[in-house]
Structure formats: C-alpha cells, structure tokens
Amino acid sequence: MVLTGHCLCKAVTYSIDMDKPLVVGYDHCDDCQRQSGSTYSLVAVVLKDKLTIKGPTKSWAGKGSSGQAVHRIFCSECGSPIAHDPDSAPPIIAIKAGTLDTEIKKGLKPDTEIWTAGKLPFMTESLPNAFEHMPPS
C-alpha cells in the first residue's frame, strides 16, 4: 500500500511507499503549535527515503530542542505545512497527518505524544506513549 496526500490547493502532492506510518502522534511543542495554529500537530512519522514530494515547496529551518535544525516544509502556493524534517533523526520525517488523503487519515490511530511539557492544560486526552520531550532513540 502507498500512503498519499496533498496540500490545500493540491499544487503539492506526495506519496510514501509504506503500508502505515512508524508512529502517529501528537506533537505538543511550541513550534508545532505555532506552525499548525492549533494546540498540537498530528504527525505521521515515516521513513524519509520512502517519501516522494512533487510540486512547489519551500522550507524554513529553525533550531530544534536537540540544537540541530528542524526543516519545516510547506507548499509555496497555499502555505500548507507538509512535514518537518529534523536533522537530529536523519532516517525519518514527520508528515503533517492532516494532509494525508481523507480515507487514509480516517484510519489513523494516534498512539504517542511528544513534548508533553508544552501540552496546553485543557488538553486532557492522554495516549499510551507519552514523553515530556523527545522519546529516547
């Protein structure tokens, strides 16, 4: 099976040659809250070498908690965030799960929370795997 998705305006499309993500989780870090404009970012972590992105993207790199860059990839036409790519974990990339095709995202089952140190107090749901910062490698 291939996972597929696109940005809001459909100028950027992607495919991931995997049956399912490695991890589906809530990222509560301040940067993800700001990028998503919401309380967390729902991410689907996949192997970077299985991802193919087509269309006009831009990226912006900020310093992550590791001290290394986190590249935030977005559509240069509509601004939809597509993924964040941390230099500290080269084999993986975190796809913004809301950009997955509808039938795929309906089947997601989040199981992990990261950066619970930044979790907003009114967020009461807790997932089985919760990490105050990043999970151990």
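Throughout the sequence shown, residue numbering follows UniProt numbering, covering 1 to 137 in sequence. Positions of the beta carbon are idealized from the N, C-alpha and C atoms, including for glycine.
Original post:
Along the chain, where does the beta strand (DSSP E) that runs through Thr-4 open and close?
Top reply: 3-6
**OP:** Quick one: residues in its chain with C-beta nearer than 6 Å to the C-beta of Pro-81, no 5 flanking neighbours on either side, listed in chain order?
**Re:** Gln-35, Phe-74 and Lys-96
Subject >> Per DSSP, the bridge partner or partners of Cys-78 >> reply: Partner(s): none; Cys-78 has no beta bridge.
**OP:** Please work out which residues of its chain come closer than 8 Å, Cβ to Cβ, to Pro-135, disregarding the five sequence neighbours upstream and downstream, and give them in chain order.
**Re:** Thr-112, Ile-114 and Asn-129
Original post:
Mind pulling the beta strand (DSSP E) runs of 3 or more residues that sit fully within the stretch 51-105?
Top reply: 51-54, 57-63, 69-75, 81-86 and 92-96
Original post:
Secondary structure at Gly-107, three-state DSSP: helix, strand or coil?
Top reply: coil
Subject >> Top-ranked residue by Cα proximity to Val-43, from Pro-121, Gly-55, Leu-22 and Met-1 >> reply: Leu-22
Subject >> Per DSSP, cross-strand counterpart(s) of Tyr-14 >> reply: Gly-5 and Ile-53
**OP:** Answer with buried or exposed for Val-2, where buried requires no fewer than 16 other C-beta atoms within 10 angstroms of its C-beta.
**Re:** exposed
Original post:
How is the alpha helix (DSSP H) around Ser-36 delimited, first residue to last?
Top reply: 30-36
Original post:
Rounded to whole angstroms, how far is the Cβ of Tyr-14 from the Cβ of Lys-50, which I believe are closer than 8 Å?
Top reply: The pair is not a contact, with the Cβ atoms about 11 Å apart (cut-off 8 Å).
**OP:** Please state whether DSSP places Thr-112 in a helix, a strand or coil.
**Re:** In this structure, Thr-112 counts as strand in the three-state DSSP scheme.
Subject >> CA-to-CA distance, Ala-83 to Gly-64, given in whole angstroms >> reply: 14 Å
Subject >> Proximity winner among Ala-117, Phe-122, Glu-125 and Leu-127, relative to Cys-29 (alpha-carbon distances) >> reply: Ala-117
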